[in-house]
Structure formats: C-alpha cells, structure tokens
Amino acid sequence: MSAMFFGTREDEAQRLHEEALARIDGRDLAGAREIARQLRGMRWSGAFEIEALAARAEGDLEGAVRVLEEGVGLAPGAWSLQQLLGTLCSELGRLDRALEALDAALRCEGVWVSSVRYNRAVARMRGGDVGGALADAESVLEDPATPPFTLDALRVAIDALARLGRADDAISLVRAVSSSLAKDDVDGRAALAAFDALARARAGRGEDEVRGAIERAVEGLAMRSEVIDALALLPAPEARVRYRVTISAPRPPDAPVEIEGYLRVFEVRAHDEAHAVALARALEPSSLRSAIAVEDVKVLGEDRGPARVVFASGRALFGA
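Rendered as structure tokens:
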C-alpha cells in the first residue's frame, strides 16, 4: 500500500490498515470506518482505501469514488488508490476516467504493474478497445509477478481474441500458459482445461474435443465459469423448464481431513427433474458421482432453450 506523508508510525498504520481490511471482510463496516478515521489522523493514504471499500461493500460505488477522488488529490503517488479508483470507475462505466486513473497508477513509484495492467485490460474491453485489452492481458501473462492474475488475464485475452476473429490463437495461448505450469500443479491444469474447452468451443472444434476438455476440468475439480460458457456453445436438445438443484457430495480429495463433504447448487434448463439432476451430476468428478445425494430440486419457472447447466456455484464445504 503506498502511503501519504507519514512520519515514524508507519508500522502501526500498516497494522491498523490490515485490521480494517479484515473488518471489511467480516462485514464490520463501522469498525473499519473507525480505523479509517484513525488512519486519516496519522496521514496514511490507506484511510481512503478503507473508506472506499466500506462504501463499496454497502453498494455505494458513487460514494467510494468520491472518497478515492479525495484520496488521489492528496496522495497522487499512491498507486493502489489510483488503481482502485480506476477499477470502480470502470464498473460504473466511466471509462475515460477509469483509464486516466489506471494510467496514473502505472506512473507511480513502486507500482505492481501486472495488477494495474490487468484492471486496465478489463476497462479497455468494456470500452471496446479490444486490441488494447489484448495487449495489456498478454503483458500480464508474460510478467513473472503476475500469478494472482494469470487466469483472470487469460480470460480477458481469449475473450479479446474471439472478438478479433482469432479463436484458434486462443487455443494456442492456453496451450502456452499450460506449458509454463509445474508438472504437479494439478489445480492449475484443471483450470486451464476449462479455458481450453471454451477456446475450442469458440473455434468451432468438434463436440467430442470440447467435451473432452470439459471432462478434464471437471475431473480436476475446476469450479470455473468457462466450463458453463463452453457448454453453452455445444448443441443440445430444447427444454422448457429451469430447475435449481442442490446436491451434496463426500469430501473431495483436495479438502482438509476435517471436512465431511460439500454442497453445490446448480441452475439447469431441462426436460424434467430427473434430466436436471443428471445434467448437474455430470459436472461432478466421476469418482464422486455415485455418492452424490440430491438435497433439493425446485422448479424456478418456464425457460425455453437448449438443455444445459446455466449456473453452477462453488463448493460449500461442511464438517462435523
């Protein structure tokens, strides 16, 4: 976190800043704001980040932007404030201001370049600058400081390539990213299988080829929206009812031993209840399918279109 003209109390300010972030995660927004008040008194620029994040947690993006505009006016060299301002302006559709703030962040000392360039890629995509978004996303993928943003940047890149009519290049890009993974990175390979499925579906590859990539993602427990997006591009019979299916399954192999299992919720367009359950089960690893229990099935209403899973939640783990 870049700081604003602090004195000898930097360690204390940093500790308070981290505590405030934890309070926001715990929805103690009043407590976070009280800490932000203290940080303002210490002339720590993180105060503005805390106030803005608290406002965003309440759904007040306008209020968050106002706080951040004040913050960057006082501490223009705080790259994280500029980045957060750019990100929120992007969410609000104020793309010129978003790009201005993100460009300012990149000029700051100590900036985490790959973080800012990822957010700028998103803003550029929203603004229709597909080529610029692709350039930023590819830069992020090439940056060794990138790991937290790798998959997010990859999604921007393959979306941009699709819009540029270069769907086959997206397959090559996924393959290149996959080749950089460690051999024992099982989770990473499963996630990339989901991207591979989407890239191949968009490139018009054969259904068996796409479903093979989907199966690799599912077997690796990849809870990725790209699986759902790839399924949406495959042929399917027409259905007319949407169901919500809640399933439970035993502890997955990657979960701590104290975990007994997990719940997962799907929304499925299907012919009938049995069909909906079957489609949901197909997005669970084959090793767990026979042990899956159906906890609930609800009819959500009429929804005509291809039969498929249209939404899948992550895993909600439960224990004793």
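To convert, take the position in the sequence shown, counting from 1, and add 100; that gives my numbering.
For glycine and all other residues, C-beta sits at the position ideal for the given N, C-alpha and C.
Taking only the alpha-carbon atoms, compute the straight-line gap between residue i and residue j and give it to the nearest angstrom.
i      : j      : result
Glu358 : Asp128 : 28 Å
Val399 : Ala393 : 18 Å
Arg365 : Asp269 : The identity of residue 365 in the sequence shown is Val, whereas the question assumes Arg. For Val365 and Asp269, the distance between alpha carbons rounds to 34 Å.
Met101 : Tyr343 : Only weak support is given to the placement of Met101: the predicted model assigns it a pLDDT of 42, under 50, and the question is left unresolved by the model.
Asp372 : Glu395 : 17 Å
Gly292 : Gly419 : Reading the sequence as shown, one finds Leu at residue 292 and not Gly. Roughly 29 Å separates the two Cα atoms.
Leu331 : Ala339 : 15 Å
Ile258 : Leu273 : 8 Å
Val410 : Ala276 : 29 Å
Ala391 : Ala267 : 38 Å
Arg133 : Leu121 : 10 Å
Phe105 : Arg207 : Because the pLDDT of Phe105 is 47, which lies under 50, any placement of that residue in the model is unreliable, and the number read from its coordinates should be weighed accordingly. About 18 Å.
Asp354 : Thr346 : 21 Å
Glu158 : Arg305 : 44 Å
Arg123 : Val222 : 28 Å
Gly107 : Trp144 : Bear in mind that a pLDDT of 48 at Gly107, under 50, signals an unreliable position, so the model cannot answer this.
Asp425 : Ala154 : This structure cannot speak to residue 425, because the chain is shown only from 101 to 420.
What residues match up with residue i in a beta bridge as DSSP calls it?
i      : result
Tyr343 : Val368, Val399
Val394 : Ile347
Glu338 : Pro406
Ile359 : Gly419
Over what stretch of residues does the beta strand (DSSP E) that includes residue i continue unbroken?
i      : result
Thr410 : Looking at the sequence itself, residue 410 is Val, so the reference to Thr does not match. Unbroken beta strand (DSSP E) run through Val410: 408 to 412.
Gly419 : 416 to 419
For the alpha helix (DSSP H) containing residue i, name the first residue and the last one.
i      : result
Gly227 : 213 to 227
Leu206 : 195 to 206
Leu181 : 179 to 191
Ala120 : 110 to 125
Arg324 : Careful: Arg324 lies outside any alpha helix (DSSP H) and carries neither H nor E.
Arg143 : Note, Arg143: premise wrong, no alpha helix (DSSP H); not H, not E.
Leu168 : 161 to 174
Leu388 : 386 to 389
Any Cβ of chain D within less than 8 Å of the Cβ of residue i?
i      : result
Gly401 : No chain D appears in this structure, which consists of one protein chain only.
Write down the C-beta distance between residue i and residue j rounded to the nearest angstrom, noting that I regard them as a contact closer than 8 Å.
i      : j      : result
Glu149 : Ser180 : 6 Å
Leu195 : Arg220 : That belief does not hold up - the Cβ atoms of Leu195 and Arg220 are roughly 11 Å apart, past 8 Å.
Jot down the residue ranges of each uninterrupted alpha helix (DSSP H) in the segment 232 to 316, minimum 4 residues, whole runs only, in chain order. Qualifying alpha helix (DSSP H) stretches, in chain order: 250 to 263, 267 to 279, 286 to 302.
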